[in-house]
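The structure under discussion appears below in the form of structure tokens.
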Amino acid sequence: MNEKNSVVEKQARGKGARFVYEELKREILTLELEPGTPLDETTISHRFAMSRSPVREALVRLSADGLVEMLSNRSTLVAPIDLVGFPRYVEALDYLQRINTRLAARNRTEAEIDAMIAEAKAFDEACRRNDYLAMSATNRDFHMSVAAAGKNVYLARAYERLLDEGRRMLHMHFDFIHTSDSDRLLSSDHYDIIEAIRLRDASEADRLAHEHTRQFHSRFMEFLHARYDEDFDFDVTEMAH
Numbered sequence: 130m131n132e133k134n135s136v137v138e139k140q141a142r143g144k145g146a147r148f149v150y151e152e153l154k155r156e157i158l159t160l161e162l163e164p165g166t167p168l169d170e171t172t173i174s175h176r177f178a179m180s181r182s183p184v185r186e187a188l189v190r191l192s193a194d195g196l197v198e199m200l201s202n203r204s205t206l207v208a209p210i211d212l213v214g215f216p217r218y219v220e221a222l223d224y225l226q227r228i229n230t231r232l233a234a235r236n237r238t239e240a241e242i243d244a245m246i247a248e249a250k251a252f253d254e255a256c257r258r259n260d261y262l263a264m265s266a267t268n269r270d271f272h273m274s275v276a277a278a279g280k281n282v283y284l285a286r287a288y289e290r291l292l293d294e295g296r297r298m299l300h301m302h303f304d305f306i307h308t309s310d311s312d313r314l315l316s317s318d319h320y321d322i323i324e325a326i327r328l329r330d331a332s333e334a335d336r337l338a339h340e341h342t343r344q345f346h347s348r349f350m351e352f353l354h355a356r357y358d359e360d361f362d363f364d365v366t367e368m369a370h
């Protein structure tokens, strides 16, 4: 047992299902628990020094978030990242991102503009620290501050679900961008969106939200097509002898 897990287990005592849920969610989103990893209730209950009931409750919540799969044979796995469905995911994200941003331009208050700026600054700070978990969390929080300003709880709730489902892809996306070109992480995108919302320019807010989605799609596709063998000198002629 490593020191980190020992601390986590001590903190878990008395905190129940919510703590287990938050800790497992963090490990799934940061890919510490890889897609397809089995999640055994007994093993987890021993790890957190608690009964299986709160563990089961935490797993049910994670299943509702789309982060784990509870199979018919009673086994539970970390949900796979559905790359086959990625185009449909981006399509849905784009629609919800645009409508929530348009509504924000129409309905925002000055206090909500201030909240967006605070979230954008928090994202920038996470980028400077190269803290990928904080980056995906603050990016989500920024976009949810926009959705909150739109004042349609149903659209905001659907958008929140998509943002949460995409955080593992975003984590890989941030890691790739930082490795290849860290300057690309810090841009004016969030502030441009805020300015359009502040001016109540719904058309410009829509355009920027759409461009933001296209940028995520493009960069994630770069990650999928990246080659990691470019510096590897592999002479097959030598192996033939």
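So the sequence shown is residues 130 to 370, counted in the working numbering. Glycine is no exception: its CB is placed at the ideal position from the N, C-alpha and C atoms.
- For L206, the enclosing beta strand (DSSP E) covers residues 205-207.
- Excluding five sequence positions before and after A221, the CB atoms of its chain that fall closer than 7 Å to its own CB belong to L291, given in chain order.
- According to DSSP, V275 shares a beta bridge with no other residue.
- M199 is bridged by DSSP to T205.
- The DSSP-derived three-state label of P183 is helix.
- The beta-carbon distance between L284 and L225, rounded to whole angstroms, is 6 Å. This is short enough to meet the 8 Å contact definition.
- With a cut-off of 8 Å on Cβ pairs, the segment 228-247 is in contact with the segment 268-283, counting three or more such pairs.
- Your pair I242 and I323 checks out as a contact, with CB atoms roughly 7 Å apart and the cut at 8 Å.
- Going by C-alpha positions, S347 is about 11 Å away from V219.
- The Cβ-Cβ distance between V189 and S174 does not fall below 8 Å.
- Take E248, set aside five residues on each side of it, and the residues of its chain with a beta-carbon closer than 6 Å to its own are D270, F271, S274, in chain order.
- Annotation for P216: the continuous alpha helix (DSSP H) segment containing it runs 215-236.
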